[in-house]
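Have a look at the structure below before the remarks.
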Amino acid sequence: MSWEIVIGLEIHAQLSTKSKLFSGAAVGFGAEANTQTTLVDLGMPGALPVFNKEALRMAVMFGHAVNAEIGMTSVFARKNYFYPDLPKGYQTSQMDDPIVGIGHLDVTLEDGTTKRVGITRAHLEEDAGKSLHEDFHGMSGIDLNRSSTPLLEIVSEPDIRSAKEAVAYVKMIHSIVTYLGICDGNMAEGSMRCDVNISLRPKGQEEFGTRTEIKNVNSFRFIEKAIHTEVERQADILEDGGKITQETRLYDPEKDETRSMRSKEDANDYRYFPCPDLLPVVLTQEYVDQIKETLPELPTQKAARFISDYSLSEYDAGVLSSSRPMADYFETVTQTANDAKLSANWVMGELSKLLNQNQIEIANSPVDAKNLGQLLARIKDNTINGKTAKDILLDMWNGEGSADEIIDKKGLKQVTDTAAIETMINDIIAANSAQVEQFRAAEPDKQKKMMGFFMGQIMKASQGKANPGIVTPILMKLLKG
Amino acid sequence: MSLDKQDVQKIAHLARLALTEEDASEYQSSLSSVLELVEQMQSVDTEGVEPLSNPLEMTQRLRADEVTEENRRDAFLANAPSTEAGLFLVPKVID
Amino acid sequence: MLEQNISSLVQKLRNKEITSLELTQSYLDKISELNPSLNSYITVCSESALAAAKEADIAIAAGTAGPLAGIPIAHKDLFCTNGIKTTCASKMLSNFVPPYESTVTAKLEQAGAIMLGKTNMDEFAMGSSNENSHFGLVKNPWNTDLVPGGSSGGSAVAVAAGMAVATTGTDTGGSIRQPASFCGITGLKPTYGRVSRFGMIAYASSLDQAGPMARSAEDCAHLMNAIAGFDPQDSTSAEVETQDYLTNLDQPLTGLTIGLPKEYFGEGLEQGVADAIRQAVSEFEKLGAKIKDISLPNLKLSIPAYYVIAPSEASSNLSRFDGVRYGHRCDEPKDLIDMYTRSRAEGFSKEVQKRIMVGTYALSEGYYDAYYLKAQRIRRLIKQDFVNALNEVDVIMGPVAPTTAFAIGSKTDDPVAMYLEDIYTLSVNLAGIPAMSIPAGFSNKMPVGLQIMGDYFTEAKLLNIAHQFQQHTDWHLQTPNMDKGA
Chain A
26 MSWEIVIGLE IHAQLSTKSK LFSGAAVGFG AEANTQTTLV DLGMPGALPV FNKEALRMAV
86 MFGHAVNAEI GMTSVFARKN YFYPDLPKGY QTSQMDDPIV GIGHLDVTLE DGTTKRVGIT
146 RAHLEEDAGK SLHEDFHGMS GIDLNRSSTP LLEIVSEPDI RSAKEAVAYV KMIHSIVTYL
206 GICDGNMAEG SMRCDVNISL RPKGQEEFGT RTEIKNVNSF RFIEKAIHTE VERQADILED
266 GGKITQETRL YDPEKDETRS MRSKEDANDY RYFPCPDLLP VVLTQEYVDQ IKETLPELPT
326 QKAARFISDY SLSEYDAGVL SSSRPMADYF ETVTQTANDA KLSANWVMGE LSKLLNQNQI
386 EIANSPVDAK NLGQLLARIK DNTINGKTAK DILLDMWNGE GSADEIIDKK GLKQVTDTAA
446 IETMINDIIA ANSAQVEQFR AAEPDKQKKM MGFFMGQIMK ASQGKANPGI VTPILMKLLK
506 G
Chain B
33 MSLDKQDVQK IAHLARLALT EEDASEYQSS LSSVLELVEQ MQSVDTEGVE PLSNPLEMTQ
93 RLRADEVTEE NRRDAFLANA PSTEAGLFLV PKVID
Chain C
4 MLEQNISSLV QKLRNKEITS LELTQSYLDK ISELNPSLNS YITVCSESAL AAAKEADIAI
64 AAGTAGPLAG IPIAHKDLFC TNGIKTTCAS KMLSNFVPPY ESTVTAKLEQ AGAIMLGKTN
124 MDEFAMGSSN ENSHFGLVKN PWNTDLVPGG SSGGSAVAVA AGMAVATTGT DTGGSIRQPA
184 SFCGITGLKP TYGRVSRFGM IAYASSLDQA GPMARSAEDC AHLMNAIAGF DPQDSTSAEV
244 ETQDYLTNLD QPLTGLTIGL PKEYFGEGLE QGVADAIRQA VSEFEKLGAK IKDISLPNLK
304 LSIPAYYVIA PSEASSNLSR FDGVRYGHRC DEPKDLIDMY TRSRAEGFSK EVQKRIMVGT
364 YALSEGYYDA YYLKAQRIRR LIKQDFVNAL NEVDVIMGPV APTTAFAIGS KTDDPVAMYL
424 EDIYTLSVNL AGIPAMSIPA GFSNKMPVGL QIMGDYFTEA KLLNIAHQFQ QHTDWHLQTP
484 NMDKGA
């Protein structure tokens, strides 16, 4: 039987606020256990939540970015369940009235086509703490630093039909939230986590099959692998005439398998009700409009502008706009070097190669965009050639100074003085009379090949600094005598 | 509305309360009598009446995004039944 | 010395006729004498109280004292007090020492009041008789065979028996007013949101409100001046300006319109109570007030609505007591579930567990609309009744409870009968309006409380009305004869 894959995603994006969703404790990754907690985050008796203004602004920004309805009145609700990392015995979330309502996102796929994915909703909620499973005399340790950290849960419609589409969608969300500056997008640290809902149905069938939910997948690669693995598992069951159990599963990347999380099966009556310690969040149209005005250029808009303003190819524009730091870097390079194509090639080529080799994010590049731009400007004004520039970039990477400083220090300035070049060529002709004789006797098309020898000599003599564009005509003239 | 013992055990489990057989029958009758009392509500027509969850119907105030709290871990951990290395200890958590 | 009101005590302290140290010591002596039989305190803070009294004397001498400097008071044991055990009268929290302070207790401390200790209550404020405390029941000083009312029973008894000048209480469905009525003292439940709930251990968040309990309306006004006001730490705190609650006390009542809801005088109301209330109302007529008969047609529904909303919120509010970060944990839990279920079953009394289960049920899948949402709709009807009535009259009066204090043990087997006791008080919490209980006579030798209910944020008006009554009557000055009673 031929199956159609149906996927819906829930993405939890941690909002980049300074303090927590409902308390004045600091938000941060990697702090010592339980040092970023207040009585609110610990669920102490008598503690009360007060809502963070910035989390609201960020959620509304996201709503605009996915063309969604903004919830003019949103309500916090309690989701009640017991778990040791959930200090109050309930998670403060939003149920019936989320801050972001129905929206959509146009996702560009690898083959260049566009797929529209519906956004069901996005709501604000607080994160839970962490259970540490190292052995403390047979017990687990609870760290509540993450408790009450603001999350935006972004729920998609079951519009996605393949692992590739799922990854493209998550990447798109990733680039939007990072563009907006509302999430650092660091998946390894859990700043963005995905729950993937997967079901299969026979091709052509309207009705959805029974789905499973794979919790907390935390990299693009694992999303793809987890989907493949789960689809295969479900297909095997269905082909054998079996039934899929609706359940929560966990993806184990080491074994490349998904397994049932029995612990979560127990508590599925969450008894949602409006949180009586918080009041409805009511927005004015003015506030919502104001935030819309502050919205930065988003990835698709930026790519379109790169194509029209810089005449970049669709592919280059797509790569360069995929993340805001990358796009910002590219634009600064271009503005300094004044050559978009050259800048695009270098950012996507030499620089990206170095960044990948050293596993450094572009935002932390040891060579900043202005410096790279100056280096490329020196290519453009013929001070250096491309090959020398590559060497200089390495020196810059290693902290030896700016492009101009290195050019000066190492005397790498390209020789463009025709008189000097003529002198150099005459010296080489005098020193290689035999080769010159051969050249003069050869047929014109052979002569072209023999030029390489003289060119090499000149480059050697000039330590690579002779500008080939200037050398070639002079050399030709002098050789022909 | 009256509850059977199984209902009571189910509710107790949701609320994480351990009940003995004896407790369960006791709660079965006391919960049922409360539910009977509550049943009076059904006699009123509330069609079109908006639920009221806060008597003043105020709206949520917003807090500036500032870190206002210092680390007071030791003071908070002092009340915990079992701790180690700054963590609250609980029986093994199985995901 | 123990029968003084706050105004005259403040005067005497400033004139150095007495010192706070002497005053505090005399209250501590009274506690030593009476608490063993009445059990109104869970914790007595003798040392810290005397130390604070000494400081208050210094501050008074230096002229830097706050308005309540040196006045000994006590707090219901659900206000978190930094470094002092706060139990909520529960085994669950019997060893809980909060490292933080509630706004109410912090404000009273700032005003200079001396904390004598923490008063007994129904566990987690769930009860109307103070028989439901891990630390034992509290007795009514007027007749120790009777209950003091609840849940703020310990606070009411402390004032009535002269073991504190004034106390704090909380009122979720009548928990300030009913014990005030049963013990012959004055209590005020302010408008929801008038007093901060920060650091107050929650029973039902949308109903809970803290307020003062004292001998007189004037004493309550002193406490209100300290505790009322906006608190940025409580999202439900009202950003409405406070008044000086003492300045309007002497306003005459001429032209005041009092509404008497017929539903407050119907079936179930004890004759002696009805007589006392009628008598009090005619006293107001003598003071220039006009009486108008009104109706609050949905009053009866307040009981079922309350017993859905309060347990629902409580079931969630009390989930944090899980034996992980504080509170009781059972011995040798074999796994997580065992830790949760046994710690909670051992830590909570049966009444608390019952309310948690009622709430859990009301919120559970398939029942939410029929119970919780229905109750919230009825809540709006009840609020609307009060809004309509208060468009016609300035205040509403009636009894606080259908009877005077009842015998210990007489209603413990019939919880629903106990719940019906709250018929006149619950609706006020559902609507969120302010209400007072003031002593208004006796029935069967036990005090009767008159309830005065007003519009939102009219606490100053209620205190003025109560004060005028107390200027012309002496019910609030009656005290139990402890030699005979105890």
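As they're listed, the protein sequences go chains A, B and C.
Going by our numbering, 485 is the number at position 460 of the first sequence; the sequence numbering is gapless.
Going by our numbering, 46 is the number at position 14 of the second sequence; the sequence numbering is gapless.
Going by our numbering, 365 is the number at position 362 of the third sequence; the sequence numbering is gapless.
Glycine included, each C-beta is placed from N, C-alpha and C at the ideal position.
- Membership of residue 432(C) in the alpha helix (DSSP H) is indicated by the continuous run 429 to 434.
- Across the structure, residue 318(C) and residue 47(B) are spaced so that their CA atoms are roughly 8 Å apart.
- Taking 8 Å as the cut-off, the Cβ atoms of residue 465(A) and residue 426(A) do not count as close.
- Counting of Cβ neighbours within 10 angstroms places residue 414(C) among the buried residues, the total reaching 16 or more.
- DSSP places residue 354(A) inside the alpha helix (DSSP H), whose first and last residues are 349 to 362.
- Counting every other CB atom within 10 Å of its CB across the protein chains shown gives residue 228(C) a total of 16 or more, marking it as buried.
- In this structure the region 374 to 390 of chain A does not lie against the region 399 to 411 of chain A, because fewer than three pairs of beta carbons, one per stretch, are closer than 8 Å.
- Under the Cβ criterion of 8 Å, residue 52(B) is not counted among the residues facing chain A.
- Secondary structure remark: continuous alpha helix (DSSP H) runs of at least 4 residues inside the region 375 to 421 of chain C, in chain order: 377 to 395.
- For residue 94(A), the secondary structure class from DSSP, reduced to helix, strand or coil, is coil.
- A distance of 8 Å or more separates the beta carbons of residue 147(C) and residue 216(C).
- Within 9 Å of the CB of residue 119(B), no CB atom of chain C is found; the nearest one sits about 11 Å away.
- Distance check between residue 209(C) and each of 101(C), 379(C) and 233(C) places 379(C) closest, using alpha-carbon atoms only.
- Contact of residue 86(B) with chain C by beta-carbon distance below 7 Å involves 209 and 239.
- The count of Cβ pairs closer than 8 Å, one atom from the region 49 to 64 of chain B and one from the region 347 to 356 of chain C, reaches three, so the stretches are in contact.
- Residue pairing of residue 340(C) in beta bridges, as defined by DSSP: absent, with no partner found.
- If you draw a straight line from the Cα of residue 204(A) to the Cα of residue 328(A), it comes to about 13 Å.
- The beta-carbon of residue 250(A) is placed no less than 8 Å from the nearest beta-carbon of chain B.
- Minimum Cα-Cα distance from residue 295(A) among the listed residues 53(A), 116(A) and 101(A) corresponds to 116(A).
- Counting along the chain, residue 186(C) sits inside the alpha helix (DSSP H) bounded by residues 180 to 186.
- With a 10 Å radius around the Cβ and a threshold of 16 neighbouring Cβ atoms, residue 443(A) comes out exposed.
- Across the set 84(A), 239(A), 92(A) and 74(A), the C-alpha of 239(A) shows the shortest separation from the C-alpha of residue 273(A).
- Between residue 439(A) and residue 409(A), the gap from beta carbon to beta carbon is short of 8 Å.
- Spanning the alpha carbons of residue 280(A) and residue 92(B) requires a straight line of approximately 47 Å.
- With a threshold of 8 Å between beta carbons, residue 99(B) makes no contact with chain C.
- By the criterion of at least three beta-carbon pairs nearer than 8 Å, the region 130 to 143 of chain C is not in contact with the region 107 to 117 of chain C.
- The contact set of residue 83(C) on chain A, defined by CB atoms closer than 7 Å, consists of 70 and 71 in chain order.
- In the pairwise beta carbon analysis, the region 55 to 70 of chain A is classified as not touching the region 97 to 105 of chain A: fewer than three pairs are separated by under 8 Å.
- Scanning the region 284 to 327 of chain C from its first residue to its last, the whole alpha helix (DSSP H) runs of 4-plus residues come out as 305 to 320.
- A distance below 8 Å separates the beta carbons of residue 44(A) and residue 52(A).
- Nearest C-alpha to residue 439(C) among 172(C), 125(C) and 268(C): 172(C).
- Taking a Cβ-Cβ cut-off of 8 Å, the neighbours of residue 434(C) in chain B comprise 87, given in sequence order.
- For residue 223(C), the enclosing alpha helix (DSSP H) has its first and last residue at 220 to 230.
- Cβ-Cβ separation between residue 221(C) and residue 256(C): approximately 16 Å, too far for a contact (criterion under 8 Å).
- The Cβ atoms of residue 202(A) and residue 84(A) lie no closer than 8 Å to each other.
- By a beta-carbon distance limit of 8 Å, residue 262(C) contacts residue 392(C). Their separation comes to about 6 Å.
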